[in-house]
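Each protein sequence line maps, in turn, to chains A and B. Residue numbers for the first sequence follow UniProt numbering, beginning at 1 and rising by one. Residue numbers for the second sequence follow UniProt numbering, beginning at 1 and rising by one. Where a beta carbon is used, it is the ideal one built from N, C-alpha and C, also for glycine. The structure presented is a predicted model; accordingly, all values stated were derived computationally and were not measured. Notes for the one structure printed next.
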Amino acid sequence: LLWDETHFGKMGSYYINRTFFFDVHPPLGKMLIGLAGYLSGYDGTFLFQKPGDKYEHHNYMGMRGFCAFLGSLLVPFAYLIVLELSKSLPAALLTAALLTFDTGCLTLSQYILLDPILMFFIMAAMLSMVKYNSCANRPFSAPWWFWLSLTGINLAGALGVKFVGLFIILQVGWNTISDLWHLLGDLSLSVVTVGKHLTARILCLIVLPLTLYTATYAVHFRVLNKSGPGDGFFSSAFQARLSGNNLHNASIPEHLAYGSVITVKNLRMAIGYLHSHRHLYPEGIGARQQQVNINACFFLADPLDPSFPVEFVRHGDIIRLEHKETSRNLHSHYHEAPLTRKHYQVTGYGINGTGDSNDFWRIEVVNRRFGNRIRVLRSRIRLIHLVTGCVLGSSGKVLPKWGWEQLEVTCTPYLKETLNSIWNVEDHINPKLPNISLDVLQPSFPEILLESHMVMIRGNNGLKPKDNEFTSKPWHWPINYQGLRFSGINDTDFRVYLLGNPVSALCAAWGPGLSQVLLQGGGQLLLGWMLHYFPFFLMGRILYFHHYFPAMLFSSMLTGILWDTLLRLCAWSLASSSLARGVYVVGLLSLLLGTAYSFYLFHPLAYGMVGPLAQDPRSPMAGLKWLESWDF
Amino acid sequence: MKRIFFLDGSGPPFGHMLLALGGYLGGFDGNFLWNRIGAEYSSNVPVWSLRLLPALTGALSVPMAYQILLELGFSHCAAMGAALLMLIENALITQSRLMLLESVLIFFNLLAVLSYLKFSNSQKQRPFSLSWWFWLMLTGVACSCAVGVKYVGVFTYLLVLAVASVHAWHLIGDRTLSHVRVLCHLLARAAALLVVPALMYLLFFYVHLILVYRSGPHDQVMSSAFQASLEGGLARITQGQPLEVAYGSQVTLKNVFGKPVPCWLHSHQSTYPMIYENGRGSSHQQQVTCYPFKDVNNWWIVKDPGRHQLVVGSPPRPVRHGDVVQLVHGMTTRFLNTHDVAAPLSPHSQEVSCYVDYNISMPSQNLWRLDIVNRESDADVWKTILSEVRLVHVNTSVALKLSGAHLPDWGFRQLEVVGEKVSRGYHESMVWNVEEHRYGKSQEQKERELELHSPAQMDVSRNLSFMARFLELQWRMLTVKSDGSEHKYSSSPLDWVTLDTSIAYWLHPRTSAQIHLLGNVVIWASASLATVVYALLFLWYLLRRRRSIRDLPEDSWLRWVLAGALCAGGWAVNYLPFFMMEKTLFLYHYLPALTFQILLLPAVLQHISDHLCRSPPLRSLFSALVVAWYSCACHVFITLRPLTYGDKSLSPSELKALRWKDSWDILIRKY
């Protein structure tokens with residue numbers, strides 16, 4: 001078991017077990033892994049705990065084989081793309097060889113990872129786009145339609161595996177726009193024909209991928225119908241869908257009324273219920289009153305006087321919340337909160353429901369689509385403190401030991417509408433009201449889709465690098481500055497190390513630099529490389545070396561074309577044609593042999609090695625530590 | 001005014017210097033606290049002259065808007081419209097009446113655009129004439145001033161550069177010009193638009209560093225070398241320290257990375273707890289931490305592993321790159337040590353401790369190899385302040401590193417120091433430099449403790465070159481992080497276009513007179529509308545031109561494109577980048593973009609009247625509508641006037657009536 005296999009393998013198993021999980025990437029890649037595992041007879045029982053574990057009797061070869069198969073398809077794809085773009089067989093062969101002998105690509109494709117699947121879809125989209133460009137002289141013919149819709153399908157695949165697929169969409173989009181611009185300028189075509197072209201592209205490149213992309217989510221939510229580790233990331237209404245969750249098939253009163261017993265959940269936090277307990281804030285932290293933090297417990301929405309007829313709580317009502325266990329009121333005042341000094345402290349105050357004027361809160365419904373009443377699960381509510389005008393919210397900070405390491409609850413005077421200050425009612429008990437099944441409250445598919453995207457984006461933004469840690473920087477990647485350790489640290493471990501073939505990296509580093517020379521075929525590839533590389537400079541999230549590999553594919557193809565052209569130019573500048581041919585062939589062969597030899601040297605990195613570390617002269621890798629920063 | 005060094009992440013010092021110039025001319029001595037919003041200015045503050053410059057630049061923006069529209073080829077009427085709109089924009093008035101930099105920035109932005117237009121118009125008539133050179137140079141100067149006031153000025157600079165390079169590209173394609181002449185044109189542009197701004201930018205910093213030569217509150221952020229170049233502060237201590245670190249030297253070691261806080265390598269009597277809260281064990285040896293305050297426990301003695309004495313021999317034997325040393329903690333005489341025990345908070349790294357011999361099978365591993373990172377040759381000597389060094393442990397090849405985590409209470413909330421494998425890669429948090437330094441003279445521990453308590457004194461002075469100081473200051477400015485991400489009046493860029501936010505600047509201590517940053521709603525809405533109309537029309541014309549349908553004559557098409565490139569483009573480059581910024585944003589960040597939008601508004605109106613209103617009655621109707629709309633804007637201006645000038649105390653009901661949007665934070669006193 002290596003590196004990120006712990007995540008993606010595990011997620012494959014979740015599909016087989018149909019348990020719900022959460023990941024920052026879209027579901028298609030993991031779904032395919034799960035499918036491959038299912039078809040090959042894997043039963044989803046392996047735990048995927050930590051790198052270095054043994055698979056033992058579990059049948060994992062299906063999943064690995066599937067990824068490896070997609071990874072191996074990259075080579076023929078690259079060959080075909082370069083052949084189509086440059087019309088030069090040697091260039092295509094050179095590209096194919098560069099990719100075949102690339103240790104990094106090989107390492108990535110061997111294991112259960114998303115990258116081979118992503119790269120497969122990217123290359124397939126590129127190939128079908130190139131193919132479709134070459135049918136441009138026969139518009140609306142069968143191959144034209146075939147390649148166009150295939151491009152759309154592959155785009156959906158790329159985006160469905162990782163959001164990085166967006167870059168290939170941009171590339172195809174750019175290609176399409178410039179294509180349409182040319183058609184528009186062609187005055188021999190009628191406006192109607194141009195309109196047809198436009199519609200065909202909208203259909204195949206926008207509508208089709210979007211449909212497929214949405215369809216993957218539909219399958220995702222249909223398959224994963226059991227409660228699992230991902231529940232807490234989603235809202236209460238969402239959780240009601242999952243069997244095994246305590247909200248599933250529950251039946252509770254629909255609208256909130258005075259006298260109801262409720263739990264209140266924060267919309268932002270993973271698992272955050274408004275909570276209080278019989279512990280006071282310690283000395284020196286605001287007022288010494290009962291703590292209120294985030295965790296699970298009960299509150300009572302009480303009337304000023306429990307009147308007999310059922311009276312529903314409405315938007316804008318003034319309410320008091322009484323803690324059921326300790327019968328103290330939710331209270332705030334002008335004391336600073338324990339951790340977030342700019343906010344006010346929230347406490348439990350009063351005895352048996354009698355407190356003071358600081359216990360009054362105005363309840364507001366943010367999404368008033370369901371009317372002014374407060375609906376369980378679906379209504380998003382804000383609680384505004386009447387005296388100070390602040391909003392009840394969570395700062396997301398963890399209280400120290402005296403607060404049992406629960407999350408801090410504050411009252412923020414900044415009236416910004418963030419998820420931190422929005423709550424919804426989850427459990428609800430009121431004997432006077434009829435119970436309804438939660439099924440009617442279940443969110444519709446578009447709502448689920450939107451919510452899961454919000455959660456994914458938030459998850460992605462949360463992956464921030466730490467200040468004092470060494471992190472991989474985008475400029476490290478093209479020069480192979482440092483690899484990525486897949487498994488094993490000590491000399492007795494089985495070690496796999498992700499590192500590109502240094503010789504091809506050396507050739508490729510020239511590629512983007514010099515390729516302005518060849519505008520036609522190279523231009524597309526250069527654009528692809530730039531689109532898959534430069535955005536990483538702007539990303540705030542934590543980056544790894546393997547993020548470079550889609551760009552690496554483009555740079556390899558560029559390299560193939562570039563060296564072919566360069567050698568040709570060199571050869572032609574020499575006079576006699578037989579000599580020129582000789583120089584050309586020798587040049588190509590030496591490049592091929594160079595990469596092959598370097599692959600021979602470095603192949604233990606990809607296939608795994610045991611033995612002393614490379615610093616040790618007894619190691620088989622001794623002398624190969626060409627850069628100080630390689631640590632295999 | 002007080003010549004005290006400070007660091008402001010929002011922009012280079014030119015803007016601050018301009019404000020200071022106002023104060024200087026008004027005879028201000030700098031003695032005011034500026035600590036509380038709403039405080040009365042004391043009599044020694046020349047408020048009038050301090051506020052004069054922003055007000056002047058704000059006022060000058062009005063005629064410049066007029067000029068820009070004229071130079072763009074629009075009528076006097078449209079130009080007048082632009083100027084009048086600028087005149088009644090409440091937000092611009094508020095911003096330029098106070099000691100703020102936005103109006104200065106807007107002024108230079110407009111000046112850059114105006115002088116570029118003047119330049120490119122004189123290009124057609126008399127290239128290389130005196131006025132041609134003047135406007136070209138002024139473009140460069142205005143651009144650098146804009147960047148010098150605030151970093152966001154760089155967007156306007158880039159826009160002007162882009163337009164200039166498109167024009168230059170046309171120039172290259174012009175076959176009527178000789179090669180030499182084209183070359184001259186290109187060189188002149190490169191000199192004025194690239195070289196001059198760069199030089200000006202350096203000049204701002206040069207003047208800044210000459211003016212602020214005293215140490216101040218932001219010293220800590222800078223490196224030791226920089227601090228030593230300021231008068232007072234660290235320089236008072238380090239002045240006259242011996243330069244070369246020798247065996248027996250007493251030193252304090254400061255972390256170069258200095259995040260989350262600048263700190264010094266520190267140790268004290270307390271030991272690591274035997275068992276941590278999470279059940280892991282430690283070596284129970286003496287803690288080594290990084291401490292953000294000066295302390296006698298920050299002193300370490302550099303010792304030669306081969307000898308026993310802790311004093312500097314005579315002559316002193318300097319420590320060189322690659323030498324193996326031991327570090328002895330001055331107050332406890334224990335050796336800096338690391339071993340294969342997980343660090344308290346970063347279990348993947350090694351624990352660093354001061355070795356205590358418990359007579360168990362844990363030998364001391366206290367040899368460190370000195371690795372001077374910024375060495376010029378491999379024989380370099382370890383220098384005080386100047387040398388940045390890594391201390392690499394000989395046995396385990398880990399480097400001493402600041403992990404950035406705060407230790408819990410047992411470590412007195414000081415910062416954790418760990419040993420991290422050198423092979424993990426180079427990071428600045430592994431680099432240290434000697435700050436305080438003296439040659440140790442006392443052999444006895446008691447005497448040495450006394451010596452450690454007494455301040456160091458000797459006499460050699462050293463100064464950093466301007467370029468080194470500039471580069472460091474620049475780097476720190478760009479990487480400085482603002483802490484408070486939340487502010488009562490902060491807003492997101494999406495709120496700006498619709499004016500969904502306001503900032504309360506001031507409230508009279510007794511009455512309800514108040515100043516708010518609030519825009520003229522009519523102008524904001526119609527300016528945004530104009531941008532949309534422009535974009536749609538532009539797209540429409542572009543597509544039709546592609547089909548060879550020419551709606552506009554060629555020259556008015558070019559004028560239309562240029563107006564769009566500068567005004568709509570100016571709005572886009574000054575607005576869209578804010579979506580990617582992570583700092584706290586306020587409504588006033590939108591004002592530069594708004595000015596460009598206001599410039600676009602009359603241009604679009606004139607275009608509609610000239611080209612889309614075909615018949616004369618339609619045209620007169622349109623003019624009448626424009627007049628009605630303008631009077632509406634005037635009315636809004638007058639209604640919001642009390643909040644702009646803050647000169648009139650309004651009753652609560654009047655204030656409530658002014659609160660047109662729920663999101664406006666108008667302050668209403670409760671009596």
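Assuming residue i contacts residue j (C-beta within less than 8 angstroms), just tell me the rounded distance between them.
{"i": "Ser526(B)", "j": "Trp664(B)", "result": "Actually they do not touch by this definition, with Cβ atoms about 19 angstroms apart."}
{"i": "Pro318(B)", "j": "Glu244(B)", "result": "4 angstroms"}
{"i": "Phe549(A)", "j": "Leu108(A)", "result": "6 angstroms"}
{"i": "Ala188(B)", "j": "Leu130(B)", "result": "About 13 angstroms separates the two Cβ atoms, so there is no contact after all."}
{"i": "Leu193(B)", "j": "Leu171(B)", "result": "Actually they do not touch by this definition, with Cβ atoms about 14 angstroms apart."}
Considering only residues of the same chain and omitting the five flanking positions on each side of residue i, which have a CB-CB separation below 8 angstroms?
{"i": "Ser461(B)", "result": "For Ser461(B), the pLDDT reaches just 45, beneath the cut-off of 50, and the residue's location in the model is therefore unreliable, leaving the point undetermined."}
{"i": "Asp564(A)", "result": "Ser86, Ser88, Pro90, Ala91, Leu94 and Leu588"}
{"i": "Phe602(A)", "result": "Thr103, Leu499, Asn501, Pro502 and Leu624"}
{"i": "Val104(B)", "result": "Gly15, Leu18, Leu53, Pro54, Thr57 and Val149"}
{"i": "Pro242(B)", "result": "Ser249, Pro316, Thr384, His437, Arg438, Tyr439, Met458 and Val460"}
Which residues of chain A have a Cβ atom closer than 9 angstroms to the Cβ of residue i, listed in chain order?
{"i": "Ser548(B)", "result": "Gly185 and Leu187"}
Mind checking whether residue i and residue j have CB atoms under 8 angstroms apart?
{"i": "Leu72(B)", "j": "Cys263(B)", "result": "no"}
{"i": "Gly29(A)", "j": "Tyr15(A)", "result": "no"}
{"i": "Gly440(B)", "j": "Ser282(B)", "result": "no"}
{"i": "residue 633(A)", "j": "Cys67(A)", "result": "Since the first residue of chain A shown is 1 and the last is 632, residue 633(A) is not available in this structure."}
{"i": "residue 660(A)", "j": "Leu184(A)", "result": "Residue coverage of chain A in this structure runs from 1 to 632, which leaves residue 660(A) outside it and unanswerable."}
{"i": "Leu114(A)", "j": "Val161(A)", "result": "yes"}
{"i": "Gly560(A)", "j": "Leu98(A)", "result": "yes"}
{"i": "Gly419(B)", "j": "Gln482(A)", "result": "no"}
{"i": "Gly348(A)", "j": "Asn329(A)", "result": "yes"}
{"i": "Ile68(B)", "j": "Leu625(B)", "result": "no"}
{"i": "Phe257(B)", "j": "Glu428(B)", "result": "yes"}
{"i": "Val434(B)", "j": "Val392(B)", "result": "no"}
{"i": "Phe205(B)", "j": "Pro13(B)", "result": "yes"}
{"i": "Gly41(A)", "j": "Asn59(A)", "result": "yes"}
Run down chain A in chain order and give the residues with a C-beta less than 8 angstroms from the C-beta of residue i.
{"i": "Lys488(B)", "result": "Pro413 and Tyr414"}
What does residue i reach in chain B if we use C-beta pairs closer than 7 angstroms?
{"i": "Gln482(A)", "result": "Gly425"}
Got a sec? Which residues, its chain only, sit under 6 angstroms from residue i by beta carbon, not counting five neighbours each side?
{"i": "Asn352(A)", "result": "Ser327"}
{"i": "Gln239(A)", "result": "Asp231, Asn245 and Leu247"}
{"i": "Pro209(A)", "result": "Gly152, Leu155 and Ala156"}
{"i": "Leu170(A)", "result": "Leu531"}
{"i": "Thr19(A)", "result": "Lys226 and Gly228"}
I'd like the list of long-range same chain contacts for residue i, defined as Cβ closer than 7 angstroms, with 5 residues on each side in sequence excluded.
{"i": "Gly232(B)", "result": "Arg214 and Ser215"}
{"i": "Asp53(A)", "result": "Leu1"}
{"i": "Leu158(B)", "result": "Val573"}
{"i": "Ser502(B)", "result": "His516, Leu517, Leu518, Leu587, Trp664 and Asp665"}
{"i": "Ser128(A)", "result": "Trp147, Leu150, Thr151 and Asn154"}
{"i": "Glu84(A)", "result": "Val130, Lys131 and Ser134"}
{"i": "Gly569(B)", "result": "Leu159"}
Which residues of the region 515-544 of chain B have a Cβ closer than 9 angstroms to any Cβ of chain D? Give them in chain order.
The chain labelled as chain D is not found among the protein chains of the depicted structure, namely A and B.
For the region 399-427 of chain B, enumerate the residues whose C-beta is nearer than 9 angstroms to any C-beta of chain A, in chain order.
Residues Lys401, Leu402, Ser403, Gly404, Ala405, Glu420, Lys421, Val422, Ser423, Arg424, Gly425, Tyr426 and His427.
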